[in-house]
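Protein chains in written order, with my numbering: chain Y, 9 to 453; chain P, 46 to 375; chain R, 5 to 301.
Using N, Cα and C, we set each Cβ at its ideal position, and we do this for glycine too.
Report on the following structure.
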Amino acid sequence: MKARYLTAAGIAAVLAVAGCSSGKSSGAGSSSTPTSAGSSSASASSGVDTTSGTLTVWLQTDAQNGWPKEVAAATQAFNAKHPNVKVDVQYQTWADHLTKLDAALAATPPDVVELGNTETTKYMAAGALADLTADKGKFDNSGTWLQALEQSVTYNGKLYGVPYYAGARAVIYRTDQWQGAGLSAAPTTLDEFLKDGEALKAKYGANDPNYSALYWPGKNWYGAMSFVYGYGGAIATQDSSGKWTATLESAQSQAGLAELKKIYDALSKAPADSDESKQDSIMAQGHVGMIYGNGWEIGSITAPKDKGGNPDLKLAAFPLPGPTADKPLPSFLGGSDLVIPANSAHKDWAEEWINDFVGNQGMTALVNDAKVIPNTTSLLNLLGDNPFAKAASNSWFVPTAKNWADVESQNVLQTMLANILGGKQSIADATKAADAQINQILNGS
Amino acid sequence: MVAAGTRVARAPSRRQPVRRGRAPLRTRVARRFGPYLLVAPSLIVIGFVLGYPVVKLFELAFQHFGLPQILNMSNPKLGQPPSWVGLANFRRAFTDHQFWTVLWRTLIFTAVNVGATMVIGTWLAVLMRRVVRPLRLALTGVLIFVWAMPQLVSVTIWNWLFDQQFGVVNYTLTKLHLGNFLHHNWYENPVQGFGVVTCVVVWGAIPFIAITMHAALSQVPEELIEAARVDGAGAWQIFRRVTFPILRPVVVILTSLSIIWDFQVFTQVFALRDNRPEPWYYLMSIFAFMQSFRAHDYGYGAALSIVILLVMLGVSVVYVRQMVKIGDVR
Amino acid sequence: MTTIPATGVRTSVRVRPRRSGGVTSRAGGVAAHVIVVVVLLLMLFPVYWAVSTSFKRGIDMNRITPLWFPIPGTFQHYRDAWHKDYFLSSLQNSAIVVASVVVISIAVAFLAAVAIARSNFRGRKAYIVLIMAIQMIPQIALILPLFVLLSYVHKQNTIVGLTFTYLAFILPFSIWTLRGFVANIPADLEEAAMIDGCSRFGAFMRVTFPLVAPGLVATAIFAFIQSFNEFIFAYVIMQDNSKWTASVWLESFLTQQQIDWGGLMAGATMLSIPIVIGFLLVQRYVAVGLTAGAVKG
């Protein structure tokens, strides 16, 4: 008796899930224009799903500290359609989350996972993520997703994730010092930028040996590669046979790095082998005129003193200019994606929750509240005349090779930059060594 | 606890009849199976928890095993099953120039750190017995505080102390006119960088060594020392002739443990280098971790882990033999 | 456990150190005192720096001219840490795990230590080599298969699973250390006590136990601190945030965007203080005289 009852309930559950997801897909399909904020609630009215279960979501602690409200709102929207599904949001820390993910993939995977957009390729290549190509239409704004983010969840022409949010970098500067040094307009070329920096240095660095007109930590490879791409170079290119060739030693790439070294030597006191993680608290100290950073860093630099900021600083930003006035240097588009492990048991629920979180409605709230760069160009206007949004319009992305993560994790570029900027190796030697390593990694099995 | 005390008090009255009747058989059984019963619980726990993982580790070392194979573990329909590659992973290690560099670096690092830890720790333990009680308590408190500090936090603090721009160490050295250390970058030269790492490791390891040695020293009968002193022995002689022989087993154990730990130093280097150690800061454990969890080459990572195990067994073979010998009952 | 000898032996504990202390301080103790004070300060400084940072305003943490004392200070970081998500739950989880690990590991390890120190059973050498070799395997290499195993028996994400994991890693160490202490006690002592009319158990409790007490406490402290501070296994095995242990909770102060140094230091200080107080309470039972008193009495 009991057993039969349970079986029946199980079948009902399966049917309910299937029924719901098909209803959902048609609902979203009918409103494929990326504006209708109500598309998800519309599908909800088609019927409440009474299946029970647990949907496990792994987000990074950024959401826990920055936008827990939007996470809760997504779960609430999801639960309106699936009242008996428990959405279990667990926050992960960046340092070890891939270790934990690997372990979970081997046994009991979560259903939705946030990955940094440079972390996805390896997992896509391994077939570890669910193929969402056929379901792309279910997601709001999927026609206008930011190019660089969509690229980071696309592998061999298939879609394996949903863009979450992005971050672009721009030059953050102190307006008071800027005026104090007699500067007015934002520079439009790198030559002007260097001249402005030297004016700052002459004015504020004369009596302060710790002063950096531009604080540029040597290992800031996202920044450095902007120079490479801005001068027409690239990290690596793929030929038609699929073979990757590293091109850091090309004349264009070297020219970009030479320009960076010139600026670094002239303006920065930051260690050649440090990374950018501390640069905002250092800027808050007052010995820095400019940094090259993310939009949210303005918030942490001007946070209350208890929190390590300095609310007295007046900050503004401009896109890092390029060699010529017509185009700024491309910015690296950092960001996160939401993916579904291939062995997740709840792909349909996962898709729905993702759309409730970063669909049009959720994203609008997220942008308004946390000022992140949205996953879609259609919402960029919410940020107004934001220099970071402008910087996002011209962007570069890492090579989408399946072994790219190894280049990052083995610190090939950081090591190269630390050597160049620290004066340990010439640009030619350092790029040559890095190219050899990158070629080996990218073309390895 | 109270029960234990009362049982001790009652014991004599119980003992007599027992000994007269059944003692011989019981003793024989106890002699025969007692030791096995005593070690059984530990074997069960260790076997249950580590049995499968260790077997799996050895299996991985002979396989090509990456993300697709991980996926395959959870669901045979996904990913790819692992393929056997024989000794390829080991061959790769032994023909890799970097492997040998890292191995030598790790061996030297271990020797320096174990030496420093043992000497300073023991010395401190000896000193602790010669100072007034309040000072001893204060030192013990500090040692415990050091020990209790989560590694994440202690490494962060050391990182600050040696920071290039804001580091207290640079500031103090410059103020003391020991040279111009303004903006001195301690990590630029790996020798100096490992100097900092050694500071952190030794600083963190001293509490355990000092406290354990202190406890061990308390086993040295005061009478023996006083007798030696009456005979005119100096402090060093007393230590060498009286104290040290008694401490020997504990010293051997602590040294071998230190070797094991220092050979596997990981967090300190990893965190000091902002979770992205440069290749010239790799130690064996970091090398293996990078291959496993960063490059997702679990087969190669497992092979490296087994090499670590073998090297350490080799290094401490002397100690293993000592270990087995010391306890051999007279 | 550690309180057993208290009633009987504590009086002699009090007396003996004072006497021997008097002897040694006459014998050139000034140098010893000076050195100990210097070492104490050196060891203390990083700790001091962590604690004082926890009272500093964020802006004062990275300064060219160091701020030696946290003035002006703030309690904000303590408030933040206290109110941070999962603080109390993680503390509670840690308490359960640590208590279980300490109690079980001491009991199990002591039995094994007695066996390998006192009898020459067949397989003893193999056992010792096993105990030793286990510690030589890089732990992190085992994390993946271990997680698969725990999932297989449905013990991932549970305190039981984490406790057993810690036990497996801590036991070899504890057995090994305790063995040194047990081996150090002349077996004749026990026999002598038995001839004096003690039962085997009585002889053990009266003679052996007080002698290994310092070793038990040292191993207990080790087990305590290891299981309290371990991070990566706790992070991987405990999937839910509500099951975080304290060390994992600390890590949540670090995010991509911002690292809350003050909160981290305040959190760490709050977590360390109970350990230190706890130890100082136990400390008196490790007291030097225990052994001497027992040998004499």
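Would you kindly work out how many angstroms separate the C-alpha atoms of residue i and residue j, rounded to a whole number?
{"i": "A438/Y", "j": "Y326/P", "result": "18 Å"}
{"i": "L358/P", "j": "R122/R", "result": "25 Å"}
{"i": "T41/Y", "j": "G367/Y", "result": "Because T41/Y carries a pLDDT of 36, less than 50, the predicted location of this residue cannot be relied on, and the following value inherits that uncertainty. Their backbone Cα atoms lie some 12 Å apart in a straight line."}
{"i": "G422/Y", "j": "L88/P", "result": "Correcting the residue type first, residue 422/Y is Gln in the shown sequence and not Gly. Taking the straight line joining both Cα atoms gives about 46 Å."}
{"i": "I115/P", "j": "L113/Y", "result": "7 Å"}
{"i": "V130/P", "j": "F107/P", "result": "6 Å"}
{"i": "S109/R", "j": "M329/P", "result": "29 Å"}
{"i": "N302/Y", "j": "L275/R", "result": "33 Å"}
{"i": "Y163/Y", "j": "P171/Y", "result": "14 Å"}
{"i": "V280/R", "j": "V286/R", "result": "10 Å"}
{"i": "L191/Y", "j": "F211/P", "result": "29 Å"}
{"i": "G226/Y", "j": "I91/P", "result": "46 Å"}
{"i": "F396/Y", "j": "P195/Y", "result": "16 Å"}
{"i": "I144/R", "j": "L153/R", "result": "15 Å"}
{"i": "V93/Y", "j": "F190/P", "result": "45 Å"}
{"i": "S58/P", "j": "S203/R", "result": "A caution first: S58/P carries a pLDDT of 40, below 50, which makes its placement in the model unreliable, though a value can still be read off. The straight-line gap from Cα to Cα measures roughly 9 Å."}
{"i": "L223/P", "j": "H229/P", "result": "13 Å"}
{"i": "F135/P", "j": "H109/P", "result": "12 Å"}
{"i": "S248/Y", "j": "A134/Y", "result": "21 Å"}
Who are the Cβ neighbours of residue i in its own chain at under 6 Å, not counting the five residues just before and after it?
{"i": "Q313/P", "result": "V200, V242, V245, V246"}
{"i": "V406/Y", "result": "T126, W412"}
{"i": "G330/Y", "result": "G238, P336, L337"}
{"i": "T384/Y", "result": "N149, T152, W153"}
{"i": "I351/P", "result": "A106"}
{"i": "G160/P", "result": "none"}
Grouping DSSP H, G and I as helix and E and B as strand, with all else coil, what is residue i?
{"i": "R182/Y", "result": "strand"}
{"i": "A114/Y", "result": "coil"}
{"i": "Y52/R", "result": "helix"}
{"i": "H109/P", "result": "strand"}
{"i": "F205/R", "result": "helix"}
{"i": "Q143/P", "result": "helix"}
{"i": "W153/Y", "result": "strand"}
{"i": "N447/Y", "result": "helix"}
{"i": "I299/Y", "result": "strand"}
{"i": "E122/Y", "result": "strand"}
{"i": "V130/P", "result": "coil"}
{"i": "I68/R", "result": "coil"}
{"i": "S403/Y", "result": "strand"}
{"i": "T439/Y", "result": "helix"}
{"i": "K108/Y", "result": "helix"}
{"i": "K130/Y", "result": "helix"}
{"i": "S34/Y", "result": "At S34/Y, the pLDDT of 34 sits below 50, so the modelled position is not reliable and the matter cannot be decided from this model."}
{"i": "R128/R", "result": "helix"}
{"i": "V286/R", "result": "helix"}
For residue i, which residues from the same chain have a beta carbon less than 8 Å from its beta carbon, with the 5 sequence-adjacent residues on both sides left out?
{"i": "I163/P", "result": "Note that residue 163/P is Met in the sequence shown here, rather than Ile. Contacts found: I254, V296, L299, T300, S303."}
{"i": "Y212/Y", "result": "Q185, G188, A189, Y219, A221, G297"}
Hey, is residue i close to the ligand PLP, as in C-beta under 7 Å from one of its heavy atoms?
{"i": "M371/Y", "result": "As far as ligands go, the structure on display features none, and thus does not contain the ligand PLP."}
Under 7 Å Cβ to Cβ from residue i, same chain only, skipping five residues before and after it: list those, please.
{"i": "Y173/Y", "result": "G343, S344, L374, V380, I381, P382, N383"}
{"i": "I100/R", "result": "I163"}
Exercise. Using a Cβ-Cβ cut-off of less than 9 Å, give me the residues of the stretch 81 to 111 of chain Y that come near chain P, in sequence order.
Key: The residues in question are W102, A103, D104, L106, T107, D110, A111.
Quiz item: Unbroken beta strand (DSSP E) runs of length 3 or more, entirely within the stretch 313 to 392 of chain Y: which are they?
Solution: 323 to 326, 342 to 347
Self-check item: Contiguous alpha helix (DSSP H) assignments of at least 4 residues, all confined to the stretch 158 to 229 of chain R
Solution: 163 to 187, 191 to 199, 204 to 207
Practice problem: Below 9 Å between beta carbons is the criterion; list the residues of the stretch 331 to 358 of chain P that meet it against any residue of chain R, in chain order. | Solution: A333, F334, S337, F338, Y343, G346, A347, L349, S350, I351, I353, L354, L355, V356, M357, L358
Quiz item: Listed from N- to C-terminal order along the chain, which residues in the stretch 408 to 428 of chain Y have their beta-carbon within a distance smaller than 9 Å of any beta-carbon of chain P?
Solution: Going along the stretch 408 to 428 of chain Y in chain order, one finds N411, A413, D414, E416, S417, Q418, N419, Q422, T423, A426 with a Cβ nearer than 9 Å to chain P.
Exercise. Taking a Cβ distance cut-off of 7 Å, strictly less, list which residues of the stretch 130 to 146 of chain Y are near chain P, in chain order.
Key: K130, Y131, A134, G135, A136
Exercise. Mind checking the stretch 239 to 255 of chain R against chain Y and listing, in chain order, the residues whose C-beta falls within less than 7 Å of any C-beta there?
Key: Listed by position, the residues of the stretch 239 to 255 of chain R near chain Y (Cβ gap below 7 Å) are Y239, V240, Q243, D244, N245, E255.
Quiz item: Which runs of the alpha helix (DSSP H) fall wholly inside the stretch 175 to 233 of chain Y and span at least 4 residues, in chain order?
Solution: 183 to 188, 198 to 212
Quiz prompt | Contact list for the stretch 211 to 232 of chain P against chain Y, Cβ threshold 9 Å | solution = F211, L227, H228, N230, Y232
Practice problem: Note down, in chain order, all residues in the stretch 305 to 339 of chain Y with a beta-carbon under 9 Å from any beta-carbon belonging to chain R. | Solution: E305, G307, S308, A311, P312, K313, D314, K315, G316, G317, N318
Quiz item: Using a Cβ cut-off of 9 Å, which residues of the stretch 277 to 300 of chain Y contact any Cβ in chain P, in chain order?
Solution: Those would be K277, A278, P279, A280, D281, S282, D283, S285, K286, I290, Q293, H295, in chain order.
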